[in-house]
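Chemist: A single structure is presented below for examination.
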Ligand SMILES: [Mn+2]
């Protein structure tokens, strides 16, 4: 399955061998942090030294160096790649846009260029794992790849399944039947979970009724449930999700298999991914990176950031769900100095408003606007949000892109109205032309 990726990975290794040092730029989300850790560990084990920086996008400004490696970013920015006086390796799964004319040595490891669906079937972390496996004996890093697979809400199929299979074969990933949930007592998990989102956060009485009705002991640890207890819980969650008018695919997305990771500091793969994601969202990527590098010193801080971030997102969801504006073909929410837009847009588009794409805008004090657009896979057959974000942002002098189901943009505050009109118009065109 990875033959074509491995050809490009071999090219990357030829470039790596010319250098003693690599500057690594990676994205600040769970897929980016885990990709960065996989590449960094593989290079360090191979005797190279590295420096890792986290960016929210490539437009943030990148320093040239002898060897620059981009992880979970790069493929969508051919102009920037073409302008750098550096040897460049891109390890990405975003859809490649435009022609890259590299000034020096260049390798582009991207599933889309190798016959694999990078939107759903191979994350950047999985792509980084393919490179790591080519560099040396790095099979244990397959468990780190799961952080990005889960973080990017990818499917456990295709390339991702192949990465997991390698981990299972080498004993570092343990697969169990069940649903993928965070760790903790059932009561806390149901209240705090964002994937699935179950709308219990400040509804403690409703949660008690729910547990009673299904005969579930809320004090049991999710990671220690018997098969029967697990089945009962899964059934109750499925019913809850159905009643919320969610996108029907959400239950399928979390059920079937769950994963425990022998070599990681946090054994439950979902919990690990959530903690890493939270560190990025709270601008403490180095904590998440440290946890991916398996340095125990970062663990307590990671859990603390996770708790804080998760509670903030729940509070923001409850505060904002009545402020949502209905467009023709999208819904949107405009926040000023809000918390991060991505997690809120994800929950809204998958659980609370699943019939249209959702766009969350956060206007920051400096007048810049961070935009996150999300839709569920049911809508993705018709709408390509990466194109919608790219074109709408370009129309107002900003920049956008991403994935079919999860995309983003950066624009200026004065162009919000025009931008949203264009987003709505393009979504309508996508919907009607399919
Ligand atoms: Mn990614």
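Residue numbers (the working numbering): 5 to 438.
We put the CB at the ideal spot given by N, CA and C, even for glycine.
Taking all protein chains shown into account, do 16 or more other C-beta atoms lie within 10 angstroms of the C-beta of residue 319, making it buried, or fewer, making it exposed?
Modeler: Classification of residue 319: exposed, given that the 10 Å Cβ count is below 16.
Chemist: Beta-carbon separation of residue 250 and residue 200 under 9 Å?
Modeler: A contact, by the Cβ cut-off of 9 Å.
Chemist: Which term fits residue 125, buried or exposed, when burial requires 16 or more other beta carbons within 10 angstroms of its beta carbon?
Modeler: So residue 125 counts as buried.
Chemist: Please go through the stretch 315-373 and give each complete beta strand (DSSP E) segment of 3 or more residues, from N-terminal end onward.
Modeler: List check, beta strand (DSSP E) in window: 335-340, 362-367.
Chemist: Using CA coordinates, which residue listed in 289, 377, 136, 326 is at the minimum distance from residue 334?
Modeler: Out of 289, 377, 136, 326, 377 has the C-alpha closest to the C-alpha of residue 334.
Chemist: Between the stretch 205-214 and the stretch 156-172, are three or more C-beta pairs nearer than 8 Å?
Modeler: With the cut-off at 8 Å, the stretch 205-214 and the stretch 156-172 do not touch.
Chemist: Along the chain, where does the alpha helix (DSSP H) that runs through residue 148 open and close?
Modeler: Start and end: 146-155.
Chemist: Note down, in chain order, each residue of its chain lying with its Cβ closer than 7 Å to the Cβ of residue 289, except the 5 sequence neighbours on either side.
Modeler: Closer than 7 Å at Cβ, skipping near neighbours: 32, 37, 58, 283.
Chemist: So residue 108 packs on residue 90, CB below 8 Å; how close in whole Å?
Modeler: That belief holds up - the Cβ atoms of residue 108 and residue 90 are roughly 6 Å apart, short of 8 Å.
Chemist: Just to confirm the assignment, what range does the alpha helix (DSSP H) spanning residue 58 have?
Modeler: Residue 58 -> not in any alpha helix (DSSP H); beta strand (DSSP E) instead, spanning 53-59.
Chemist: Give me, in chain order, the residues of the same chain whose beta-carbon lies closer than 7 Å to that of residue 327; leave out the 5 immediate sequence neighbours on both sides.
Modeler: 337.
Chemist: Give a single yes or no on whether residue 79 has its beta carbon closer than 8 Å to a heavy atom of ligand 1.
Modeler: It does not: the Cβ of residue 79 is nowhere closer than 8 Å to a heavy atom of ligand 1.
Chemist: Just to confirm, is the Cβ distance from residue 314 to residue 202 under 9 Å?
Modeler: Cβ atoms of residue 314 and residue 202: not closer than 9 Å.
Chemist: So, is residue 185 buried or exposed, given that buried needs 16 or more other C-beta atoms within 10 angstroms?
Modeler: So residue 185 counts as buried.
Chemist: In its own chain, which residues sit with a C-beta less than 6 Å from the C-beta of residue 180, not counting the 5 before and 5 after it?
Modeler: Excluding residues within five positions, the ones whose Cβ falls inside 6 Å are 262.
Chemist: Given that a residue counts as buried once 16 or more other Cβ atoms are within 10 Å of its Cβ, and exposed if not, what is residue 402?
Modeler: Residue 402 should be labelled buried.
Chemist: Buried or exposed, going by whether 16 or more other CB atoms sit within 10 Å of the CB of residue 433?
Modeler: By the 10 Å Cβ count, residue 433 comes out exposed.
Chemist: When DSSP builds the beta bridges, which residues end up paired with residue 375?
Modeler: In DSSP, residue 375 forms a bridge with 365, 413.
Chemist: Rounded to whole angstroms, what is the Cα-Cα separation between residue 426 and residue 223?
Modeler: C-alpha separation (whole angstroms): 49 Å.
Chemist: Would you kindly report the start and end of the unbroken alpha helix (DSSP H) that includes residue 260?
Modeler: It is not in any alpha helix (DSSP H) - residue 260 instead sits in the beta strand (DSSP E) that spans 259-265.
Chemist: Does the separation of the CB atoms of residue 351 and residue 321 fall below 9 Å?
Modeler: Yes; because the gap between Cβ atoms is below 9 Å, this pair is in contact.
Chemist: Shorter than 8 Å, the distance from the beta carbon of residue 98 to the closest heavy atom of ligand 1, or not?
Modeler: Because some heavy atom of ligand 1 lies under 8 Å away, the Cβ of residue 98 counts as near it: yes.
Chemist: Residues in the same chain with beta-carbon distance under 6 Å from residue 264, minus the five sequence neighbours each way, listed in chain order, please.
Modeler: 178, 271.
Chemist: Which residues neighbour ligand 1 when neighbourhood means a C-beta less than 5 Å away from any of its non-hydrogen atoms? List them by chain order.
Modeler: Counting every residue whose Cβ lies closer than 5 Å to a heavy atom of ligand 1, we get 35, 76, 128, 156.
Chemist: Could you say if the stretch 361-375 and the stretch 406-418 meet the contact criterion of at least three C-beta pairs nearer than 8 Å?
Modeler: At 8 Å Cβ cutoff, the stretches touch.
Chemist: Taking one C-beta from the stretch 91-106 and one from the stretch 67-79 each time, how about it: are there three or more such pairs within less than 8 Å?
Modeler: These segments touch.
Chemist: Do residue 358 and residue 380 come within 9 Å of each other at the CB atom, strictly closer than that value?
Modeler: In contact: residue 380 and residue 358 (Cβ atoms closer than 9 Å).
Chemist: Quick one: residues in its chain with C-beta nearer than 6 Å to the C-beta of residue 422, no 5 flanking neighbours on either side, listed in chain order?
Modeler: If we look at residue 422 and ignore the five residues flanking it on each side, its Cβ neighbours are 400.
Chemist: What's the C-alpha gap between residue 68 and residue 87?
Modeler: So the two alpha carbons sit approximately 10 Å from each other.
Chemist: How many whole angstroms separate the CB atoms of residue 39 and residue 152, which I take to be in contact at a CB cut-off of 8 Å?
Modeler: Indeed, because the Cβ distance is near 6 Å, the residues count as touching under 8 Å.
Chemist: Less than 6 Å between C-beta atoms, sequence neighbours within five positions excluded: which residues of the same chain meet that for residue 286?
Modeler: Closer than 6 Å at Cβ, skipping near neighbours: 309, 313.
Chemist: Only counting the same chain, and skipping five residues up and downstream in sequence, which positions put a Cβ closer than 7 Å to that of residue 390?
Modeler: Taken in chain order, the residues that qualify are 99, 405, 406, 407, 408, 411.
Chemist: So, using beta-carbon positions, are residue 62 and residue 42 closer together than 9 Å?
Modeler: No, the pair does not count as a contact, with Cβ atoms beyond the cut-off.
Chemist: Can you determine whether any heavy atom of ligand 3 sits closer than 8 Å to the C-beta of residue 344, and answer yes or no?
Modeler: As presented, the structure is devoid of ligand 3, carrying ligand 1 as its sole ligands.
Chemist: Assign residue 55 to one of two classes, buried (16 or more other C-beta atoms within 10 Å of its C-beta) or exposed (fewer than that).
Modeler: Flag for residue 55 reads exposed.
Chemist: Among 9, 330, 188, 190, which one has its Cα closest to the Cα of residue 364?
Modeler: Among 9, 330, 188, 190, the Cα nearest to that of residue 364 belongs to 330.
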